[in-house]
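Report on the following structure.
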Amino acid sequence: MVADLWDPDDGWRLNEFQDNLPQHMIDNIRSVLVDPMAAEEDQGIWNLSSNGQFTASSAFKAISPQHQSSLPPSFWQRIWKLHVPERVRVFMWMASKGRLTTNNIRKYRHLTQNDKCPECPDVSESNLHCLRDCVLAKAAWLKIIPA
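Residue numbers for the sequence shown follow UniProt numbering, so the first one is 1 and each next one is one higher.
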């Protein structure tokens, strides 16, 4: 609960998070004015429904693409039927949906200030860059499919 992170004498107890959170996030947390002694209980609010309550339907809508996928259903079925570790299937599914957590996605979500590829510092790290254009991806592909 938020109240567990508040000291009435010293304010926010964020020193334990300083090793795990970027400074700008800690500053954002500090800027929130909260009365931890208020009688009101903390509660979760699901922003993807009109009443703030979680429903399976609203979660499904949140993860469903806005328009139909250009890939046929048989493509997705083949991914899920592959005899590979689950994490490989999930990676393939996320990659084909453009959902890998690359630096440009992390920057969009305010998790980093730099969207550049660590290996190609002049290029934004997108899904396509990660899987095809990055020097590391090219080297990996050349090992799998020699030129």
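The beta-carbon is built from N, C-alpha and C at its ideal position, and this holds for glycine as well.
Query                                                                                                                                       : Result
Suppose you measure from the CA of GLU41 to the CA of ALA56; what does that come to, to the nearest Å?                                      : 24 Å
Cutting at 8 Å between CB atoms, please list the residues of its own chain near LEU71, excluding the five before and the five after it.     : SER96
Helix, strand or coil, according to DSSP, for SER124 in the structure here?                                                                 : strand
Any idea if GLU125 is buried or exposed, counting beta-carbon neighbours within 10 angstroms, 16 or more meaning buried?                    : buried
Between the C-alpha atoms of GLN68 and TRP80, what's the straight-line distance to the nearest angstrom?                                    : A caution first: GLN68 carries a pLDDT of 47, below 50, which makes its placement in the model unreliable, though a value can still be read off. Using only the alpha carbons, I get a separation of about 19 Å.
Return the first residue and the last residue of the alpha helix (DSSP H) that LEU136 is part of.                                           : 135-144
Along the chain, which unbroken stretches of the alpha helix (DSSP H) at least 4 residues long are found entirely within the region 47-105? : 56-63, 73-81 and 86-97
According to DSSP, GLY11 sits in a beta bridge with which residue or residues?                                                              : ASP7
Looking at ALA62 and LEU82, is the spacing between their C-beta atoms short of 8 Å?                                                         : no
Assuming ARG13 and ASP7 make a contact with CB atoms under 8 Å, what is their CB distance in whole Å?                                       : 5 Å
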